[in-house]
Amino acid sequence: MNVIYKSSFQSIQSEYQLELRERSGSKEILLERHFYSKQSPEPSEGITIHPKILNELISQLIECSEKLNIPFKHSKTLTPTQRQEIQRRYLRGISIKDLCIQFDSNLLGIERVLLDAGIELVDLNYKKPYRYWHRKNYKK
Numbered sequence: 055m056n057v058i059y060k061s062s063f064q065s066i067q068s069e070y071q072l073e074l075r076e077r078s079g080s081k082e083i084l085l086e087r088h089f090y091s092k093q094s095p096e097p098s099e100g101i102t103i104h105p106k107i108l109n110e111l112i113s114q115l116i117e118c119s120e121k122l123n124i125p126f127k128h129s130k131t132l133t134p135t136q137r138q139e140i141q142r143r144y145l146r147g148i149s150i151k152d153l154c155i156q157f158d159s160n161l162l163g164i165e166r167v168l169l170d171a172g173i174e175l176v177d178l179n180y181k182k183p184y185r186y187w188h189r190k191n192y193k194k
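Quick note on the working numbering: the sequence shown kicks off at 55 and runs consecutively.
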């Protein structure tokens, strides 16, 4: 079995790998999904697609997406370097809301990246303690 082409892309909760393989003279496409969650290790899911049905499958998927009529909010995919940068900046003291703005991602996505890395989430917006300053009564 030879791998001719390999590609991968990531979403917030999982990673997808696409491989074009050649097995005993015939070619096939393998699509696998790997989950990121370290707390509950789930097995990856895979689909093998024969190239003859690939064009029909793509046209059916496009047709289904047109029938949905629901505005699709594209989730921002984060590269591994962006994930490391999010972790590094959070550990330096940047709030999650600021990280959402910097990386153009939603709050749950940033929290998921930090939790998957084993970083505890803490509230960085604490109030300063109020200090009472008493004026001493001096006699003149």
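Note that CB positions come from ideal geometry on N, CA and C, so glycine has one too.
Whole-Å CB distance - residue i paired with residue j, under 8 Å assumed
| i | j | result |
| --- | --- | --- |
| Ile58 | Arg77 | In fact, because the Cβ distance is near 11 Å, the residues do not count as touching under 8 Å. |
| Gln71 | Glu86 | 5 Å |
| Phe132 | Val176 | According to the sequence provided, residue 132 is Leu. The question's Phe does not apply to it. Going by Cβ atoms, the distance from Leu132 to Val176 rounds to 22 Å, so no, they are not a contact pair. |
Residue burial classification, residue i (beta-carbon count within 10 angstroms, cutoff 16)
| i | result |
| --- | --- |
| Arg137 | buried |
| Ser119 | exposed |
| Ile107 | exposed |
| Ile66 | buried |
| Gly163 | buried |
| Leu122 | exposed |
| Ser80 | exposed |
| Leu115 | exposed |
Cβ neighbours of residue i in the same chain (closer than 8 Å, five flanking residues each side left out)
| i | result |
| --- | --- |
| Ile173 | Gln141, Tyr144, Leu145 |
| Lys151 | Leu161 |
Beta-carbon spacing of residue i, residue j below 8 Å
| i | j | result |
| --- | --- | --- |
| Leu84 | Glu73 | yes |
| His88 | Ser68 | yes |
| Glu82 | Pro105 | yes |
Close-in-space but distant-in-sequence residues of the same chain around residue i (CB under 7 Å, 5 per side omitted)
| i | result |
| --- | --- |
| Leu111 | Ile103 |
Residues near residue i by beta carbon distance below 6 Å, same chain, minus five either side
| i | result |
| --- | --- |
| Asn56 | Glu76 |
| Cys154 | Leu161, Ile164 |
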